[in-house]
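Residue numbers (UniProt numbering), protein chains in the order written: chain L, 1 to 341; chain E, 1 to 341. Comments concern the structure below.
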DNA sequence: TGTTAGCACTCAAATTCCACGAGTGCTAAG
DNA sequence: CTTAGCACTCGTGGAATTTGAGTGCTAACA
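See the structure below:
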């Protein structure tokens, strides 16, 4: 357990380092208004804090910087979330009060705003489509071999894919099949579509549609849509302004990371409610060992729709980011709620 | 006019520099097999070539590097396009002989292969949709205020947008209108849709559809689709391995460039036939002053569909890139031709 | 007993200095 | 016209030196 004074000092060191990105010495701390002790006293306390693992020294004759447990203690016990500045509030308010755009646009704009306000890289996962329900299915033939299949969900998401038409299948039988599927599948969650077809509709199929065996391969092609949410990013270059990324190798590792949506998706996924903070090694990934990821989910009716998050150096302005994410996910959830009702 | 020997030497310098990224001295050149002169002779010639502006010296006691006009002369007069290596050929062949994917996937795979083979950043513009013809129009209502409009073109491109339903417009009248539009607009090029509606269909509208004034605003929303081609990139991080990008500032400028699709689109646009090379300042953009852009268009029936290109340092392996782009655009054109017929 | 001033000490970063050598330009001989 | 030889240039890299921020320890003080 830390004494009150130690907490004060730890907090001062973290906040000072977040701003200046340079090791902070005892003198700097003692000169802060909220600290009433001499540099010598601070030195003693800082030595103790280092022994406890909350601070570390780059080298003997330098000041202290927070260790990863130092940051962890800070976000868990010492941090007081910022109030969001007025111009930022205004920008967010304007985004969500604007007329309804397509979902993807809203998402893209949200990440974009987040990265502009924080000056870190921001990322959004989702929304996942698993339990979206089928609203409409459409097949548009392009020629006698190719057709476009279009799936619309109740949330207004549109999914498309090209399918090849098996030999010997007529346009009219395709049409017949699509009609049948539409009447039978509307309202079924996407991740149940395939098994519903195979379990319940096979019989119906064989009765109403000729050549149904061939058509089945088409249906399977149609329904093999991607259910995972997409990854949206914004401000990937922001992080290059941070002094901890002067090294080209680090930049490269990070940029390559962003090109792998798979990994990004894993890094940012967040099944908890509320804002989640992962500091450095807590991410279990070499490339982000000196980065922190702050993320939060947005939801409708308690059902998580996706995640929005920020990636920055461990020396991140947690106060600002946390309060911002809190606000954004609230507003986003509300906005999407209005949209879907 | 350069003498034969000068050409030989210029070529040697350029090729040597492309490989090693270090100033090449007279000794290095004289030791090449295809050069039969002593270092001293080369020195004299190199001094002349420098005077003519084809070579330059970083400092007095260093070798020469090609100037931008040096590269220009090289690609215009000295370069002999490479034969493409077998494994690369195989990869490309496999891409285009695979079953037909959706257009976007083919495109993404093409850029990806290009960047992997060249180790530079590769980019594709397009395809532009201006003269694609409408194949099918569909409106799927989500609730009483929102609907999704879906546009399918004859090339299988699907465009979607959310539209708001004006008050007092019934679902049935929307249906009626969509039917009308489908019969009247199918086969019309996308960039004519709007004016066709306003010029030729207004009258028809007023006769068949009630409340047509309200519906018109919906139609306008639907048809305001984006006709410019999208920008696809791959291997943005490749360029970070090049020794000319050890400087974080340069990296940042370039990465920020990639985030601006507008500028990227302008940089790579290529209205000529055949492979086009733009070297350094010829791009008229600060961030790519020491980069070259090689691009080529792909087309169907002589009609340009889009552009594919490569961005690398001016010290680029032009031979490889040119022959590769030549092959890729040919194959791509052919592939798309097969697809659309 | 807790706090503070003073002082010697440490060590990274910046600066200066120096030797090395790759490469040049010029000259004179072949 | 070509080439060997030589003096000269200048960037590179390493060693030595200086500088200064910051520490730990000790002793005095409240």
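Each residue gets a CB set at the ideal place from its N, CA and C atoms; glycine is no exception. Here the structure is a predicted model, which is why all the values come from computation and not from measurement.
Using the three-state DSSP reduction, which class does residue 133 of chain L fall into: helix, strand or coil? Here residue 133 of chain L sits in strand by DSSP.
On the DSSP bridge list, what partners appear for residue 354 of chain L? Residue numbering for chain L in the displayed model covers 1 to 341; residue 354 of chain L lies beyond these limits and cannot be assessed.
Start-to-end residues for the beta strand (DSSP E) that takes in residue 296 of chain E: Here the beta strand (DSSP E) through residue 296 of chain E covers 291-300.
Using beta carbons (cut-off 7 Å, strictly below), is residue 237 of chain E in contact with chain L? So, interface residue.
Where residue 50 of chain L and residue 125 of chain L are concerned, what is the direct C-alpha to C-alpha distance, given to the nearest angstrom? If you draw a straight line from the Cα of residue 50 of chain L to the Cα of residue 125 of chain L, it is about 38 Å long.
Taking 7 Å as the threshold (C-beta atoms), are residue 42 of chain L and residue 30 of chain L in contact? A contact, by the Cβ cut-off of 7 Å.
CB residue 79 of chain E to CB residue 318 of chain E, shorter than 7 Å? Closer than 7 Å, so yes.
Cβ contact check for the segment 137-154 of chain L and the segment 145-160 of chain E: 3 or more pairs under 8 Å: Inter-segment contact for the segment 137-154 of chain L and the segment 145-160 of chain E is present: three or more beta-carbon pairs are separated by less than 8 Å.
Residues in the segment 251-262 of chain E having any Cβ partner in chain L nearer than 7 Å: Answer in chain order: 251, 252, 255, 256 and 259.
Straight-line CA distance for residue 86 of chain L to residue 84 of chain E? Here the C-alpha atom of residue 86 of chain L lies approximately 59 Å from the C-alpha atom of residue 84 of chain E.
Taking residue 124 of chain E as part of the beta strand (DSSP E), name the residues at either end of that continuous run. Run containing residue 124 of chain E: 121-125, per the beta strand (DSSP E) assignment.
Helix, strand or coil for residue 19 of chain L? Go by DSSP, reduced to three states. Note: residue 19 of chain L maps to helix in three-state DSSP.
Length of the line joining the Cα atoms of residue 209 of chain L and residue 142 of chain L: Rounded to whole angstroms, the separation of the alpha carbons of residue 142 of chain L and residue 209 of chain L is 21 Å.
Beta strand (DSSP E) runs contained entirely in the segment 183-259 of chain L, provided each spans 3 or more residues: 231-234, all fully within the segment 183-259 of chain L.
Comparing C-alpha positions only, which one of L/25, L/54, L/74 and L/68 sits nearest to residue 60 of chain L? The shortest Cα separation from residue 60 of chain L among L/25, L/54, L/74 and L/68 belongs to L/25.
Cβ of residue 277 of chain L within 6 Å of any heavy atom in the ligand ADP? Questions concerning the ligand ADP fall outside what the structure shown contains, since it holds no ligand whatsoever.
Write down the C-beta distance between residue 310 of chain E and residue 114 of chain E rounded to the nearest angstrom, noting that I regard them as a contact closer than 8 Å. The Cβ separation is near 7 Å, so the contact holds.
Using the beta-carbon of each residue, which ones in chain E are nearer than 7 Å to residue 150 of chain L? Chain-order list of chain E residues neighbouring residue 150 of chain L: 150 and 158, by C-beta distance under 7 Å.
Of all the CB atoms in chain E, is at least one closer than 7 Å to the CB of residue 275 of chain L? At a cut-off of 7 Å, the C-beta of residue 275 of chain L has no neighbouring C-beta in chain E.
Does the distance from the C-beta atom of residue 130 of chain E to that of residue 227 of chain E stay below 7 Å? The criterion of a C-beta distance shorter than 7 Å is satisfied by residue 130 of chain E and residue 227 of chain E.
Taking CB distances under 7 Å as the criterion, tell me whether residue 138 of chain L reaches chain E. Residue 138 of chain L has a beta carbon lying within less than 7 Å of a beta carbon in chain E.
For residue 344 of chain L, the three-state DSSP class (helix, strand or coil): One cannot answer for residue 344 of chain L here, as it falls past the ends of chain L, which runs 1 to 341.
Check whether residue 255 of chain E and residue 215 of chain E have beta carbons under 7 Å apart: In this structure, residue 215 of chain E does not lie closer than 7 Å to residue 255 of chain E by Cβ.
Bridge partner(s) assigned by DSSP for residue 147 of chain L: L/141 and L/163.
Beta-carbon neighbours of residue 220 of chain L, restricted to chain E and to distances below 7 Å: Near residue 220 of chain L there are no residues of chain E at all, since even the closest Cβ is about 14 Å away, more than 7 Å.
Take the Cβ of residue 171 of chain L as the centre, count every other Cβ of all protein chains shown within 10 Å, and call the residue buried at 16 or more, exposed below. With fewer than 16 other beta carbons inside 10 angstroms of its own, residue 171 of chain L counts as exposed.
Look at the Cβ atom of residue 289 of chain E, then the Cβ atom of residue 280 of chain E, and state whether they are nearer than 7 Å. For residue 289 of chain E and residue 280 of chain E, yes; Cβs fall inside 7 Å.
Unbroken alpha helix (DSSP H) run spanning residue 106 of chain E, endpoints: Counting along the chain, the alpha helix (DSSP H) containing residue 106 of chain E begins and ends at 103-118.
So which of E/58, E/287, E/273 and E/104 has the shortest CA-CA distance to residue 302 of chain E? If we check each option's Cα against that of residue 302 of chain E, E/273 comes out closest.
For residue 305 of chain E, report the span of its beta strand (DSSP E) as first-last. Counting along the chain, the beta strand (DSSP E) containing residue 305 of chain E begins and ends at 303-313.
What are the complete beta strand (DSSP E) segments, minimum 3 residues, inside the segment 17-76 of chain L? As summarised for the segment 17-76 of chain L, there are no continuous beta strand (DSSP E) elements at least 3 residues long confined to that stretch.
Around the Cβ of residue 144 of chain E, are there at least 16 other Cβ atoms within 10 angstroms (buried) or fewer (exposed)? It is exposed - the Cβ of residue 144 of chain E has fewer than 16 other Cβ atoms within 10 Å.
Suppose contacts are defined by Cβ-Cβ distances below 7 Å. Is residue 234 of chain E in contact with residue 323 of chain E by that definition? In this structure, residue 323 of chain E does not lie closer than 7 Å to residue 234 of chain E by Cβ.
Under three-state DSSP, which class holds residue 169 of chain L? Note: residue 169 of chain L maps to coil in three-state DSSP.
Is it buried or exposed for residue 58 of chain L, if we count other Cβ within 10 angstroms and need 16 for buried? Label assigned to residue 58 of chain L: exposed.
How many angstroms separate the CA atom of residue 120 of chain E from the CA atom of residue 11 of chain L? If you take the alpha carbons of residue 120 of chain E and residue 11 of chain L, they lie about 46 Å apart.
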